[in-house]
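Undergrad: Read in order, the letters of the sequence shown correspond to residues 0 to 606 in numbering that gives the first Met the number 0.
Input: one structure, supplied below.
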Amino acid sequence: MEALLQQSRSMCPFLKKTSATTMRMLSTSSASPKGGMMSNLQVLARRCPVMGKAMAVQSARSPMAGGVAAAMRAYHSKANLHTTPQQQAQPIEYTHVKENAPIQSMAAASPTYETVSSGVPGPRPAVPEVAKFDYDAFYQNELDKKHKDKSYRYFNNINRLAQEFPRAHMSSRDERVTVWCSNDYLGMGRNQKVLKTMHETLDVYGAGAGGTRNISGHNQHAVALEATLAKLHSKEAALVFSSCYVANDATLATLGSKFPNCVILSDNMNHASMIQGIRHSGAKKIIFKHNDVADLEAKLATLPSEIPKIIAFESVYSMCGSIGPIAEICDLAEKYGAITFLDEVHAVGMYGPHGAGVAEHLDFEAHATGNPRGTVQDRIDIITGTLGKAYGCVGGYIAGSAKMVDAIRSLAPGFIFTTSLPPATMAGARAAIEYQTEHQNDRTLQQLHTRALKSDLLEADIPVIPNPSHIVPILVGNAELAKKASDLLLEEHGIYVQAINYPTVPVGQERLRITPTPGHTAELRSELVSALEHVWNTLDLKRTSDWATEGGFIGVGDEAAAAVEPIWTDEQLGLDKVKSMQTGLGSKEKQRYGDFSQAAQAIAIAA
Numbered sequence: 000m001e002a003l004l005q006q007s008r009s010m011c012p013f014l015k016k017t018s019a020t021t022m023r024m025l026s027t028s029s030a031s032p033k034g035g036m037m038s039n040l041q042v043l044a045r046r047c048p049v050m051g052k053a054m055a056v057q058s059a060r061s062p063m064a065g066g067v068a069a070a071m072r073a074y075h076s077k078a079n080l081h082t083t084p085q086q087q088a089q090p091i092e093y094t095h096v097k098e099n100a101p102i103q104s105m106a107a108a109s110p111t112y113e114t115v116s117s118g119v120p121g122p123r124p125a126v127p128e129v130a131k132f133d134y135d136a137f138y139q140n141e142l143d144k145k146h147k148d149k150s151y152r153y154f155n156n157i158n159r160l161a162q163e164f165p166r167a168h169m170s171s172r173d174e175r176v177t178v179w180c181s182n183d184y185l186g187m188g189r190n191q192k193v194l195k196t197m198h199e200t201l202d203v204y205g206a207g208a209g210g211t212r213n214i215s216g217h218n219q220h221a222v223a224l225e226a227t228l229a230k231l232h233s234k235e236a237a238l239v240f241s242s243c244y245v246a247n248d249a250t251l252a253t254l255g256s257k258f259p260n261c262v263i264l265s266d267n268m269n270h271a272s273m274i275q276g277i278r279h280s281g282a283k284k285i286i287f288k289h290n291d292v293a294d295l296e297a298k299l300a301t302l303p304s305e306i307p308k309i310i311a312f313e314s315v316y317s318m319c320g321s322i323g324p325i326a327e328i329c330d331l332a333e334k335y336g337a338i339t340f341l342d343e344v345h346a347v348g349m350y351g352p353h354g355a356g357v358a359e360h361l362d363f364e365a366h367a368t369g370n371p372r373g374t375v376q377d378r379i380d381i382i383t384g385t386l387g388k389a390y391g392c393v394g395g396y397i398a399g400s401a402k403m404v405d406a407i408r409s410l411a412p413g414f415i416f417t418t419s420l421p422p423a424t425m426a427g428a429r430a431a432i433e434y435q436t437e438h439q440n441d442r443t444l445q446q447l448h449t450r451a452l453k454s455d456l457l458e459a460d461i462p463v464i465p466n467p468s469h470i471v472p473i474l475v476g477n478a479e480l481a482k483k484a485s486d487l488l489l490e491e492h493g494i495y496v497q498a499i500n501y502p503t504v505p506v507g508q509e510r511l512r513i514t515p516t517p518g519h520t521a522e523l524r525s526e527l528v529s530a531l532e533h534v535w536n537t538l539d540l541k542r543t544s545d546w547a548t549e550g551g552f553i554g555v556g557d558e559a560a561a562a563v564e565p566i567w568t569d570e571q572l573g574l575d576k577v578k579s580m581q582t583g584l585g586s587k588e589k590q591r592y593g594d595f596s597q598a599a600q601a602i603a604i605a606a
């Protein structure tokens, strides 16, 4: 091309004014107005009375061998045959092409008709149709499958009311419902200290963070929040993410991809965020049976001792309410040279004397007296949690050693390239953590309400999946019926409980998931149990006794199964004080306090 350009400059006014760089830019192909691909240089060449004819001749001889270079060769050999002496003596007018002129604008200036071999302008030949992927058909097919297996997800317009917690309104402000499935377990979304802090921060620092932490989103609110989280879990450092989904995904993906020959061992009921992080890591994955320490050890024993290993698991499994064997897993990690990755998302704020989670709760007295060293929580390498559930705000985090946190901060794309949480959100989250660190009343009431509801449902023969936590999962066992049960509760009783189906839970284990809060009083509890009775009778759903006749299923109706004791003991809840108090109550006091749980609530509120 360069040689041809040099030979052509003495004869062509266009080439005299155009640099080689511009020529190379013009040679880039683009879509022509009539379809097909054509370089911008070809577009201009076809407008030239000399080059246009030369290109037409070349194309007629060999349609596949056209192009500007071939036409230039034809131009040199036959230029005098295509021009008269007068044409050769007169300069040819060209549209001036500026250096760095936009290619798109040049293409737009191309003619809608091209010169064919006869030299007579005519329409370009039609471009043949090619097979294209039908995107809309793909979307529709995937949606049809969700509708067919009854796992399609519907979203209800639920607007929680801060001043009427746990009440909400639907699309109309006058249409009130009671929310029984919120993950705002302690009602911190309306806590006055949190709201006041957020209002003040919003007024001073505005709505958004302004960018990623590295660019302009790092501020005093992030520093203070991370220091508070590190202190909460008795760790050296913490790092805040936009959500705990991102925290889990980014941390596992980063460690799994950076550790050489890493193997990640994952509980088979782990959250989707952990599963996704493991996939993104590219590391070898080994799945162990849910909460099965023997199966985990058998799998650890097959791995070389020198390779890095991560054991990923949860403290509270949110859809069934089971509790992970944290201490036993720590023992195995130390024995086989692994590190532990514990998701405390559904436990932070809910367990322990300060609300740090189940790992703290297991050594309740030690943490209550400020002696965390050597505890189960101290043995965990990486703890992840959320600010969007029991703390009532939004965001996620990791906590652990300073070097680990700094490595994730420096290497994880999910952190580096994500805009920071707004200042008001971080300030509010910090206020929520500090409040729950200093007060145990909300945790106590939540546990008492959970115990009371489970007891009432057991008495009503409603099938609750047994567990030691604050989750109340009610087994339905059919996706379509679970959706109908949810709809009936909402439409006829003004009670919102979302149906849970695949892929959140396995097919055949569909359920309603209920989460009592401190605001769900005895009156609301009575309304819920009555509504569930009506739904179960209307839809003829299986009761606990029905599951028992079939031999039991996932703990429901399993008469051979051992009784499940709550992780919160009577002593930790202060129920021992209530028992001694009730012994000395007079008739008026008994009338005032009513049943045992109400008396316990009175003690908790007064504490």
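Backbone N, C-alpha and C fix where the C-beta goes; we use that ideal spot for every residue, glycine too.
#1: Name, in chain order, the residues that DSSP records as bridge partners for E458.
#2: Just list the residues that DSSP pairs I309 with in beta bridges.
#3: Residue range of the beta strand (DSSP E) that Y396 falls in?
#4: Specify the secondary structure class of N158 as computed by DSSP and reduced to three states.
#5: Between I407 and F258, what straight-line distance do the alpha-carbon atoms span, to the nearest angstrom?
#6: Below 8 Å between beta carbons: does that hold for I310 and C261?
#7: Is there contact here, the region 189-204 with the region 428-436, by at least three beta-carbon pairs under 8 Å?
#8: Apart from the five residues on each side of it in sequence, which residues of its chain come closer than 7 Å, Cβ to Cβ, to L527?
#9: What is the rounded straight-line gap between the Cα of V496 and the Cα of H279?
#10: Using the Cα positions of I91 and S18, report the straight-line distance between them to the nearest angstrom.
#11: When the Cα atoms are used, what is the spatial distance from G507 to D148?
#12: Report yes if the C-beta distance between A252 and G395 is below 8 Å; otherwise report no.
#13: Look at the Cβ atom of V471, then the Cβ atom of K483, and state whether they are nearer than 8 Å.
#14: Go ahead and pull the three-state DSSP assignment for A106.
#15: With H, G and I counted as helix, E and B as strand and the rest as coil, what does DSSP make of T168?
#16: Taking the runs of the alpha helix (DSSP H) that are 4 residues or longer, which of them lie wholly in the region 180-258?
#17: Taking 8 Å as the cut-off, decide whether the C-beta atoms of G399 and A236 are in contact.
#18: Between P324 and the rest of its own chain, which residues show a CB-CB distance below 7 Å, the 5 nearest in sequence each way excluded?
#19: Use the C-beta contact count for E359: other C-beta atoms within 10 angstroms, 16 or more gives buried, fewer gives exposed.
#20: Given a cut-off of 8 Å on the beta-carbon distance, is the pair P517 and L444 in contact?
#21: For V463, which of helix, strand or coil comes out of DSSP?
#22: Taking buried to mean at least 16 other C-beta atoms within 10 Å of its own C-beta, is V555 buried or exposed?
#23: How is the alpha helix (DSSP H) around V534 delimited, first residue to last?
#24: Going by beta-carbon coordinates alone, are A223 and R429 separated by less than 8 Å?
#25: Quick one: what's got a C-beta closer than 6 Å to G276's C-beta in the same chain, skipping five residues either side?
#26: For D594, count neighbouring C-beta atoms within 10 Å of its own C-beta (all shown protein chains included) and say buried if the count is 16 or more, exposed if not.
#27: Using a 10 Å radius around the Cβ and a threshold of 16 neighbouring Cβ atoms, would you call N466 buried or exposed?
#28: Which stretch, first to last residue, makes up the beta strand (DSSP E) that contains V375?
#29: Check whether the Cβ atoms of L341 and I379 sit closer than 8 Å, and answer yes or no.
#30: Please state whether the Cβ-Cβ distance between L254 and L299 is less than 8 Å.
#31: Pairing CB atoms from the region 455-462 with CB atoms from the region 544-559, are three or more of them under 8 Å?
#32: Does the Cβ-Cβ distance between V393 and G384 come in under 8 Å?
#33: Would Q590 be called buried (16 or more neighbouring beta carbons within 10 Å of its own) or exposed?
#34: Write down every uninterrupted run of the beta strand (DSSP E) in the region 483-514 whose length is 3 residues or greater and which is fully enclosed by it, in chain order.
#35: Between which two residues does the beta strand (DSSP E) containing R175 stretch?
TA: Let's see:
#1: On the sequence shown, residue 458 is found 459 positions in, with the first residue counted as 1. According to DSSP, which records beta bridges pairwise, E458 is partnered with nothing at all.
#2: Indexing the sequence shown from 1 puts residue 309 at position 310. Per DSSP, I263 and I338.
#3: Mapped onto the sequence shown, residue 396 falls at position 397. Unbroken beta strand (DSSP E) run through Y396: G395 to G399.
#4: Residue numbering aside, residue 158 sits at position 159 when the sequence shown is read from its first letter. Three-state DSSP puts N158 in a strand.
#5: What you label residue 407 is simply residue 408 of the sequence shown in a count that begins at 1. What you label residue 258 is simply residue 259 of the sequence shown in a count that begins at 1. One C-alpha to the other measures close to 12 Å.
#6: Numbered from 1 along the sequence shown, position 311 holds the residue referred to as residue 310. Numbered from 1 along the sequence shown, position 262 holds the residue referred to as residue 261. The answer is no: Cβ separation not under 8 Å.
#7: yes
#8: Locating residue 527 in the sequence shown gives position 528, counting from the first residue. For L527, where only same-chain residues beyond five positions count, the Cβ hits under 7 Å are W179 and I494.
#9: If you number the sequence shown from 1, residue 496 lands on position 497. If you number the sequence shown from 1, residue 279 lands on position 280. So the alpha carbons of these two residues sit roughly 33 Å apart.
#10: By one-based count along the sequence shown, residue 91 stands at place 92. By one-based count along the sequence shown, residue 18 stands at place 19. Confidence at I91 is low in this model, with a pLDDT of 42, below 50, so the placement of that residue is unreliable and no value is reported for it.
#11: Indexing the sequence shown from 1 puts residue 507 at position 508. Indexing the sequence shown from 1 puts residue 148 at position 149. Roughly 11 Å between the two C-alpha positions.
#12: For the purposes of this step, residue 252 is taken as the residue at position 253 of the sequence shown. For the purposes of this step, residue 395 is taken as the residue at position 396 of the sequence shown. Taking 8 Å as the Cβ cut-off, A252 and G395 do not qualify as a contacting pair.
#13: Here the question's residue 471 lines up with position 472 in the sequence shown. Here the question's residue 483 lines up with position 484 in the sequence shown. Their beta carbons are not under 8 Å apart, which means V471 does not touch K483 by this criterion.
#14: On the sequence shown, position 107 is the one that residue 106 refers to. Low confidence applies here, because A106 scores a pLDDT of 42, under 50, leaving its location unreliable; read the following figure in that light. Note: A106 maps to helix in three-state DSSP.
#15: For the purposes of this step, residue 168 is identified with residue 169 of the sequence shown, where counting begins at 1. One point to set straight first is that residue 168 is His, not Thr, in the sequence displayed. Three-state DSSP puts H168 in a strand.
#16: 191-204, 219-231 and 243-257
#17: To locate residue 399, count along the sequence shown from 1; it is residue 400. To locate residue 236, count along the sequence shown from 1; it is residue 237. Yes, the Cβ-Cβ distance between G399 and A236 is below 8 Å.
#18: Numbered from its first residue, the sequence shown carries residue 324 at position 325. So the qualifying residues of the chain are N290 and V292.
#19: Walking along the sequence shown from the start, residue 359 turns up at place 360. By the 10 Å Cβ count, E359 comes out buried.
#20: Taking the first residue of the sequence shown as 1, we reach residue 517 at position 518. Taking the first residue of the sequence shown as 1, we reach residue 444 at position 445. Cβ distance < 8 Å, so P517 and L444 count as in contact.
#21: Residue mapping note: residue 463 aligns to position 464 of the sequence shown, counting from 1. If DSSP states are grouped into helix, strand and coil, V463 belongs with the strands.
#22: Within the sequence shown, the letter at position 556 stands for residue 555. Burial call: buried.
#23: Your numbering for residue 534 matches position 535 in the sequence shown. First-last of the alpha helix (DSSP H) with V534: A521 to L538.
#24: Numbered from 1 along the sequence shown, position 224 holds the residue referred to as residue 223. Numbered from 1 along the sequence shown, position 430 holds the residue referred to as residue 429. Cβ atoms of A223 and R429: closer than 8 Å.
#25: The count along the sequence shown starts at 1 and reaches residue 276 at position 277. The residues are N247, D248, L251 and A252.
#26: Here residue 594 refers to the residue found at position 595 of the sequence shown. At D594 the pLDDT is 49, less than 50, meaning the model places this residue with poor confidence and gives no usable figure here.
#27: Taking the first residue of the sequence shown as 1, we reach residue 466 at position 467. Answer is buried; the Cβ neighbour count reaches 16.
#28: Within the sequence shown, the letter at position 376 stands for residue 375. It is not in any beta strand (DSSP E) - V375 instead sits in the alpha helix (DSSP H) that spans V375 to R378.
#29: Reading the sequence shown from its first residue, position 342 is the one you call residue 341. Reading the sequence shown from its first residue, position 380 is the one you call residue 379. Closer than 8 Å, so yes.
#30: The count along the sequence shown starts at 1 and reaches residue 254 at position 255. The count along the sequence shown starts at 1 and reaches residue 299 at position 300. The answer is no: Cβ separation not under 8 Å.
#31: yes
#32: Counted from its first residue, the sequence shown places residue 393 at position 394. Counted from its first residue, the sequence shown places residue 384 at position 385. Their beta carbons are not under 8 Å apart, which means V393 does not touch G384 by this criterion.
#33: Walking along the sequence shown from the start, residue 590 turns up at place 591. Low per-residue confidence applies at Q590: pLDDT is 49, beneath 50, and the placement is therefore not dependable enough to give any value.
#34: 510-513
#35: In the sequence shown, the residue the question calls residue 175 occupies position 176. Element bounds for R175: R175 to V178.
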